[in-house]
Amino acid sequence: MIAASDSAVVSWLDGARRQLWRALLRCGLGPRFISDRSARVVLVAMFSLLVALLCTALAPLWLLLLGPLLLGVPHVIADVRYLLLRPPQRLGRARLYGIVAPLAAMTIERALVLAGAAPHLGFETACGVIAVAAAIGAVPLRELGARQAVALVGWLAVGAWLVANPRLTALLLGHAHNLIALVLWLSLSRGEGPWRRYASVALAYGAVALLILSGGLEPIGRALGVTSGSAAGLALADMTRLLAPGIASPWAERLVLLFCFAQSVHYSVWLRLVPSNQHYYARQGPSTFRSNIDALRRDLGRWGFALALVSTLAVPTLAVFDPVRTRAAYLSLVLFHGWLEIAAGAALWLRARPRR
950 MIAASDSAVV SWLDGARRQL WRALLRCGLG PRFISDRSAR VVLVAMFSLL
1000 VALLCTALAP LWLLLLGPLL LGVPHVIADV RYLLLRPPQR LGRARLYGIV
1050 APLAAMTIER ALVLAGAAPH LGFETACGVI AVAAAIGAVP LRELGARQAV
1100 ALVGWLAVGA WLVANPRLTA LLLGHAHNLI ALVLWLSLSR GEGPWRRYAS
1150 VALAYGAVAL LILSGGLEPI GRALGVTSGS AAGLALADMT RLLAPGIASP
1200 WAERLVLLFC FAQSVHYSVW LRLVPSNQHY YARQGPSTFR SNIDALRRDL
1250 GRWGFALALV STLAVPTLAV FDPVRTRAAY LSLVLFHGWL EIAAGAALWL
1300 RARPRR
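Residue 1305 is where the sequence shown ends in my numbering, and the numbering goes up by one at each step.
The structure is reproduced here in structure tokens:
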């Protein structure tokens, strides 16, 4: 196998990147963004919000279809890489196994469902609840502080309700995990640069969410007809039944558009923003595609990298034959990653020192 880092494609991408930075240097913008990681990352975040908003306004159904097919596997790989293989804090063996084992069981159950077995939604939800509980309290009893104990008891109480309402839990998880990724990135960015920069990203995200929920994109949708018809068989009615069941129009459609925007930002967070964080990338200057791929190979190992590459290519390849079913199968198999993000968020929150 030819090493990905030596491929002509990677060399071409790095060449294009160098030309971009040279152009920025000529217009006076480059020095600041090359030397100041915080400014550069916030600029990327704002650009990601803008692109997500434009795509949601102009082609929401295609974004909902193609996003998971093209970026889904890479972003799940980033999830596993940055939350399990290179976590921002040491998890410890008990906590790591406590998170991975139930999420692996959940994924096996989802694979069996795809093979024709009956789903057990309560079991899936219980696996997720156990993973988060492990992130909170899977430590020796003598190390379990009062804050962790209270959080664990509270989570188990919430978890009992979640297990009793698995369908609603799945719906809430689908919507909430998009936002959780942004919150995780903001939490990891504490102390990395002026807080106002990161606050501006959160405010911009909130402003777009309010714009969508208030119907601000509906005139564009009516004028262009972007929500009528379907995207290779994926229709708006299908998405409202899935993401906003029982909710009347126009709120159902607005929730779908909000999910569309949030999912796009979610991918940007894991593929662009988190990898640039100080916990994972020490240099102030921008990285290259070659160095990024080499780092991925080191983190995943030879066989892990090969599996990641095959999986990344397999999903869009299968989608050529049946994009809607391939999308649904992918989303079913990666249900675990939403729970993984909640578990990581809980562990990160417990690590943070309360402000006095």
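Where a beta carbon is used, it is the ideal one built from N, C-alpha and C, also for glycine.
- Its chain contains Leu1018, Thr1275 and Arg1276 as the residues whose beta carbon lies nearer than 8 Å to that of Ala1268, once the 5 sequence neighbours on both sides are disregarded; these appear in chain order.
- Uninterrupted alpha helix (DSSP H) stretches at least 4 residues long and entirely within the region 1132-1193 occur at 1144-1162, 1167-1173 and 1185-1192, given in chain order.
- Under the criterion of beta carbons closer than 8 Å, Leu1131 and Val1214 qualify as touching, at roughly 7 Å.
- A direct Cα-Cα distance of roughly 27 Å separates Ala1100 from Tyr1147.
- For the options Gly1123, Val1062 and Ala1080, the alpha carbon positioned closest to that of Val1049 is the one of Ala1080.
- In this structure, Pro1143 lies near Ser987, with their beta-carbon atoms less than 8 Å apart.
- Here the alpha carbons of Gly1103 and Ile1169 stand approximately 44 Å from one another.
- Looking at the backbone, the Cα of Asn1114 and that of Leu1192 are separated by about 16 Å.
- DSSP places Phe1270 in no alpha helix (DSSP H); its state is neither H nor E.
- Secondary structure within the region 1035-1070: the alpha helix (DSSP H) runs of 4 or more consecutive residues, fully enclosed, are 1042-1063 (chain order).
- Beta-carbon to beta-carbon, Leu1133 and His1228 are separated by about 11 Å, too far to satisfy the 8 Å threshold.
- Apart from the 5 residues on each side of it in sequence, Ala1292 sits with its Cβ closer than 6 Å to the Cβ of Ile1048, Ala1080, Val1081 and Ala1084 in its chain, given in chain order.
- Here the alpha carbon of Leu962 sits roughly 7 Å from the alpha carbon of Phe1238.
- Out of Ala1151, Leu1289 and Arg1042, the CA that lies nearest to the CA of Thr1056 is found in Leu1289.
- Going by DSSP, Pro1009 is part of the alpha helix (DSSP H) stretching over Pro1009 to Val1029.
- A distance below 7 Å between beta-carbons, with the five flanking residues on each side excluded, links Tyr1031 to the following residues of its chain, in chain order: Val1223 and Tyr1229.
- Secondary structure of Leu1284 (DSSP, three-state): coil.
- Distance check between Pro1194 and each of His1124, Arg1042 and His1024 places His1124 closest, using alpha-carbon atoms only.
- Contact between the region 1001-1016 and the region 1205-1214 is established, with three or more Cβ pairs separated by less than 8 Å.
- One Cα belongs to Thr1189, the other to Leu1120, and the distance between them is close to 12 Å.
- For Ser1179 against Leu1010, the beta-carbon gap comes to about 7 Å, under 8 Å, which counts as contact.
- For the pair Leu1262 and Leu1280, the Cα-to-Cα distance works out to about 16 Å.
- Your pair Gly1182 and Val1264 does not check out as a contact, with CB atoms roughly 16 Å apart and the cut at 8 Å.
- CA-to-CA, the gap between Gln1212 and Ala1255 works out to about 26 Å.
- Tyr1229 carries a coil assignment under DSSP once its states are collapsed to helix, strand and coil.
- DSSP places Asn1241 in the helix class (H, G or I) of the three-state scheme.
- Pairing Trp1219 with Asp1028 gives a Cβ-Cβ distance under 8 Å.
- Ala994 and Val1150 have their C-alpha atoms some 7 Å from each other.
- Taking a 10 Å sphere around the C-beta of Arg1039, we find fewer than 16 other C-beta atoms and assign the residue as exposed.
- Going by DSSP, Val1099 is part of the alpha helix (DSSP H) stretching over Ala1095 to Ala1113.
- Take Leu1122, set aside five residues on each side of it, and the residues of its chain with a beta-carbon closer than 7 Å to its own are Gly1287, in chain order.
- If you draw a straight line from the Cα of Leu1034 to the Cα of Gly1174, it is about 44 Å long.
- DSSP, read as helix, strand or coil, puts Pro1199 in coil.
- Comparing alpha carbon positions, the residue from Leu1162, Cys1076, Val958 and Leu1135 closest to Asn1226 is Leu1135.
- For Ser1236, the secondary structure class from DSSP, reduced to helix, strand or coil, is coil.
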